[in-house]
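Below is one structure, written out as structure tokens, with a few remarks after it.
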Amino acid sequence: MGSWSDWSVCSSDGTDSSSVRTRSITQPALYGGLACGATREEVPCGAVNCVVGNWTSWSSCDSSCGKKSRTRQVTQRALYGGTACEALEEIKSCDPVQCAVGDWDTTWSACDPSSGRRTLTRPVLQAPLYGGTGCPETIRTKSCDPVDCQVDDWDDWGPCNATTGNKTRSRRVKQIDLYGGCRCPDLTQEAPCDPVPCIVGVFSDWTICTDADATKSRTRQVTQNALYGGKACEPLTETMPCPPVDCALDTWGFWSAYDPLTGVRTRTRAVLQHPVRGGLACGSTAENETAAPVNCQVSNWTEYGPCNDVAGVKTRSRQIAVPPLYGGLVCPDLFQNATCDPVNCVVSEWSVWGACDTSTGNKTRHRYTLQQDKYNGAACPVLTDSAPCDRVDCVMNDFGPWTACDPVTGAKTRTRTIQVAPMYGGSACPNATEQGFCDPIDCKLSDWSSFGACNATTELKTRTRTVSTLPLYGGAACLSLSETAACDPVNCQVSSWGSWSSCSASTLTWTHTRNITVAPLYGGIGCPSLTEAASCTVATPVNCVVGDWTAWTKCATRTGTRSRTRKVVTQPSNGGTACPALTEKGSCRGLECAMGEWTDWTNGCDDNGLQTRTRVILDDPYDCDDWCPETVDYRACDYSEANCDYSPPDDSGEVVVDGQVVALEAKAF
1 MGSWSDWSVC SSDGTDSSSV RTRSITQPAL YGGLACGATR EEVPCGAVNC VVGNWTSWSS
61 CDSSCGKKSR TRQVTQRALY GGTACEALEE IKSCDPVQCA VGDWDTTWSA CDPSSGRRTL
121 TRPVLQAPLY GGTGCPETIR TKSCDPVDCQ VDDWDDWGPC NATTGNKTRS RRVKQIDLYG
181 GCRCPDLTQE APCDPVPCIV GVFSDWTICT DADATKSRTR QVTQNALYGG KACEPLTETM
241 PCPPVDCALD TWGFWSAYDP LTGVRTRTRA VLQHPVRGGL ACGSTAENET AAPVNCQVSN
301 WTEYGPCNDV AGVKTRSRQI AVPPLYGGLV CPDLFQNATC DPVNCVVSEW SVWGACDTST
361 GNKTRHRYTL QQDKYNGAAC PVLTDSAPCD RVDCVMNDFG PWTACDPVTG AKTRTRTIQV
421 APMYGGSACP NATEQGFCDP IDCKLSDWSS FGACNATTEL KTRTRTVSTL PLYGGAACLS
481 LSETAACDPV NCQVSSWGSW SSCSASTLTW THTRNITVAP LYGGIGCPSL TEAASCTVAT
541 PVNCVVGDWT AWTKCATRTG TRSRTRKVVT QPSNGGTACP ALTEKGSCRG LECAMGEWTD
601 WTNGCDDNGL QTRTRVILDD PYDCDDWCPE TVDYRACDYS EANCDYSPPD DSGEVVVDGQ
661 VVALEAKAF
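So for the sequence shown, UniProt numbering puts the first residue at 1; every next one is plus one.
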């Protein structure tokens with residue numbers, strides 16, 4: 001017989017009621033040998049008790065029934081007569097939740113036009129549940145303040161109605177009356193139109209009188225008819241008699257030539273206008289004149305002509321301007337001679353001295369004959385002159401820039417060149433090269449770097465700097481390039497507490513934990529406890545939760561402070577952390593008004609000779625206009641510009657508006 005196999009495993013679902021093992025026959029009995037034993041054995045399976053898992057966390061409360069539940073799962077069913085499973089679900093009543101309300105709003109609502117009331121509210125942070133205490137009042141109301149009607153200024157009068165003779169103006173409502181305030185006055189107004197007199201234009205020019213006309217006239221036009229009882233128009237046409245016209249004669253014409261036989265000449269004139277309506281009669285239209293004897297007339301002598309070099313004389317002449325007529329005097333001589341004046345020699349100014357002759361050491365200058373002597377005039381002087389050359393001293397150019405410093409000798413060099421070499425005994429040239437000592441250069445260092453990370457072994461931190469300029473030529477040496485300092489202590493920092501765990505069935509406690517976010521270093525404060533436990537037999541602590549801070553209020557002028565608030569989002573309960581302060585005060589010291597940009601200056605001048613510009617207050621911490629800088633600025637007009645019709649201030653230079661000096665005119669002294 002072979003060995004027994006292992007007992008079979010009882011099934012977990014209870015389908016098997018027994019465990020079995022088997023063996024095989026390796027050699028059957030032969031020839032009367034012993035018979036084989038059993039090849040299969042079976043025994044009943046042992047009893048298996050029910051096994052259940054841990055309870056789940058309690059479910060959220062069911063608002064319809066006020067109950068919460070928890071469950072557990074079967075991890076092993078009862079088998080083969082084992083102990084049955086206990087209850088898999090547990091239900092109990094929810095804990096009462098009290099109503100929690102927030103703070104009242106800081107401002108009343110806008111008025112409701114239909115009810116004439118405004119409200120103040122506070123929020124319900126937690127509605128009551130499961131028999132908890134109900135909520136207190138969350139809405140308050142009060143009557144709105146009466147608002148009187150406000151209207152704009154009257155518009156300009158409209159045009160007159162030609163039918164009624166009246167004019168109308170109106171104004172608009174800019175605030176209707178509300179909540180029992182004063183009602184609006186009339187919005188339209190009517191008044192008789194002002195009388196408009198007739199206006200006529202300027203008379204035209206008088207009509208021109210012709211010879212046949214006895215009168216002349218002129219007219220004018222109506223530019224504005226009389227309206228609303230205004231003065232009627234004056235006559236539009238005027239006439240008057242035409243005046244008498246005298247005879248008008250043209251100017252006398254030119255005289256005719258004298259008649260060579262009679263010695264008489266004639267001139268005439270024409271009639272331009274015959275006399276009309278009794279005007280003066282015309283005078284003579286022709287006139288004669290007898291000629292007088294005409295003597296010969298000659299012109300003035302001309303200038304003398306050029307001298308005749310052979311005869312030594314010069315000639316001048318004159319011409320007959322009027323020949324003799326009608327027995328007049330005959331003409332005199334028309335030519336005249338004279339001896340020529342002596343002409344002296346004339347020479348130019350001396351020229352500049354010429355270049356020096358290096359062989360002789362002399363310089364030369366010249367002059368030239370401008371006029372040769374004539375007619376016994378003075379003869380010409382010498383035309384060439386010489387003199388010793390002036391001495392020329394050496395002239396040097398400015399020194400050039402210094403060469404770079406020699407790092408071995410610490411010296412630098414500069415040179416200059418000869419601009420003018422010495423000549424004719426002038427002074428010799430000085431040295432063309434000059435040496436100097438280099439200026440000492442001190443060591444220069446960069447700024448310190450930031451301190452590096454702390455060394456955990458030495459608990460020191462280090463910072464460094466580098467050499468930006470090495471010392472040269474005896475300059476100051478470099479200071480230390482590194483520096484150490486003790487590390488700043490780092491205190492332990494931990495995270496916020498995590499959520500509470502489910503209740504431990506073994507310890508009947510909840511636990512929550514927090515983590516180390518920054519470990520303590522270099523002597524910093526150590527870490528607090530990272531685990532906290534609470535008994536499951538008491539309610540879970542609920543810590544206070546607050547909202548964000550509101551914006552700061554306006555500053556109080558009496559105390560110089562301002563405040564801000566925040567609201568409770570979750571009230572503390574069951575021993576949770578209490579709420580922090582809900583109001584915070586701060587000093588207004590150093591706060592300033594926020595002002596907008598100035599507008600452009602107004603165009604033109606007002607009645608006081610001023611231009612203005614304005615700006616607005618963007619933020620006033622005190623809500624008090626007189627605390628902020630001025631919002632209106634004045635300046636006196638520039639009277640040199642034709643931008644307004646205004647007389648300048650008096651000699652004092654002051655510009656006054658409503659009794660206050662608002663500008664001082666600049667004056668030249």
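Just so you know, even glycine gets a beta-carbon here, dropped at the ideal spot from N, CA and C.
To the nearest angstrom, how far is it from the Cα of residue 620 to the Cα of residue 583?
Spanning the two alpha carbons is a distance of roughly 21 Å.
Quick one: what does DSSP say residue 42 is sitting in, helix, strand or coil?
In the structure shown, residue 42 sits in a strand (DSSP, three-state: E or B).
So what's residue 103 in DSSP terms, helix, strand or just coil?
Coil.
Are the CB atoms of residue 326 and residue 316 nearer to each other than 8 Å?
Not closer than 8 Å, so no.
For residue 510, does the three-state DSSP call read helix, strand or coil?
Strand, per DSSP.
Look at the Cβ atom of residue 249, then the Cβ atom of residue 283, and state whether they are nearer than 8 Å.
Contact: yes.
In whole angstroms, what separates the C-alpha of residue 252 from that of residue 209?
Each residue's Cα considered, the two are about 28 Å apart.
Taking its Cβ as the centre, do 16 or more other Cβ atoms sit within 10 Å of residue 33, making it buried, or is it exposed?
Exposed, since its Cβ has fewer than 16 Cβ neighbours within 10 Å.
Does DSSP put residue 644 in a helix, a strand or coil?
Model confidence at residue 644 stands at a pLDDT of 41, short of 50, so the residue's coordinates are unreliable; what they give is reported in the following sentence. If DSSP states are grouped into helix, strand and coil, residue 644 belongs with coil.
Could you check whether residue 181 and residue 148 sit closer than 8 Å to each other, using their CB atoms as the reference points?
A contact, by the Cβ cut-off of 8 Å.
Count the other CB atoms within 10 Å of the CB of residue 571; is the residue buried (16 or more) or exposed (fewer)?
The residue in question, residue 571, is buried, as its Cβ has 16 or more Cβ neighbours within 10 Å.
In terms of DSSP beta bridges, what is residue 192 paired with?
In DSSP, residue 192 forms a bridge with 166.
What is the DSSP secondary structure of residue 366, reduced to helix, strand or coil?
The answer is strand: DSSP assigns residue 366 an E or B state.
Can the beta-carbon of residue 128 be found closer than 8 Å to that of residue 98?
Yes; because the gap between Cβ atoms is below 8 Å, this pair is in contact.
Is residue 1 helix, strand or coil by DSSP?
Here residue 1 sits in coil by DSSP.
Which one of 610, 330, 594, 105 has the shortest CA to CA distance from residue 629?
Among 610, 330, 594, 105, the Cα nearest to that of residue 629 is on 594.
Taking 8 Å as the cut-off, does the stretch 62-74 touch the stretch 87-101 (at least 3 CB pairs, one atom from each stretch)?
Flag = yes, the stretch 87-101 and the stretch 62-74 touch.
Between the alpha carbons of residue 223 and residue 166, how many angstroms are there, rounded?
Distance between the alpha carbons of residue 223 and residue 166 is about 22 Å.
So, for residue 113: in the same chain, excluding its five sequence neighbours on each side, which residues have a beta-carbon less than 8 Å away from its beta-carbon?
Closer than 8 Å at Cβ, skipping near neighbours: 178.
For the beta strand (DSSP E) holding residue 69, just list the boundary residues, first then last.
Element bounds for residue 69: 67-71.
Let me check understanding here. Comparing Cα to Cα, which of 233, 351, 310 lies closest to residue 340?
Closest option to residue 340, Cα to Cα, is 310.
In whole angstroms, what separates the C-alpha of residue 387 from that of residue 355?
If I take the Cα positions, the gap works out to 11 Å.
Using a Cβ-Cβ cut-off of 8 Å, state whether residue 205 counts as contacting chain B.
No chain B appears in this structure, which consists of one protein chain only.
Classify residue 620 as helix, strand or coil using the three-state DSSP reduction.
If DSSP states are grouped into helix, strand and coil, residue 620 belongs with coil.
Cα separation between residue 7 and residue 48?
Spanning the two alpha carbons is a distance of roughly 17 Å.
Any idea which residues DSSP pairs residue 634 with across the strands?
Answer by DSSP bridge pairing, in chain order: 612.
Nearest-angstrom Cα distance between residue 257 and residue 320?
If you take the alpha carbons of residue 257 and residue 320, they lie about 20 Å apart.
What number of angstroms, rounded off, separates the C-alpha of residue 615 from the C-alpha of residue 600?
Distance between the alpha carbons of residue 615 and residue 600 is about 10 Å.
Determine the burial state of residue 610: buried for a count of at least 16 other Cβ atoms within 10 Å of its Cβ, exposed for fewer.
Buried, because 16 or more other Cβ atoms sit within 10 Å of the Cβ of residue 610.
Mapping DSSP to helix, strand and coil, what is residue 542?
In this structure, residue 542 counts as strand in the three-state DSSP scheme.
DSSP state of residue 625, grouped into three classes?
Residue confidence is low: residue 625 scores 48 on pLDDT, short of 50, so the model does not pin down where it sits. No coordinate-derived value is stated.
With distances taken Cα to Cα, identify the nearest neighbour of residue 183 among 491, 554, 141, 174.
For the residues 491, 554, 141, 174, the minimum Cα distance to residue 183 belongs to 174.
Decide if residue 154 is buried, meaning its Cβ has at least 16 other Cβ atoms within 10 Å, or exposed.
Result: exposed.
Give a yes or no on whether the C-beta atoms belonging to residue 220 and residue 205 are separated by under 8 Å.
Contact: no.
How far does the beta strand (DSSP E) with residue 91 in it reach, from first residue to last?
Taken as a continuous stretch (DSSP letters only), the beta strand (DSSP E) holding residue 91 covers 89-93.
Could you tell me the alpha carbon to alpha carbon distance between residue 45 and residue 79, rounded to whole angstroms?
The alpha-carbon atoms of residue 45 and residue 79 are separated by roughly 9 Å.
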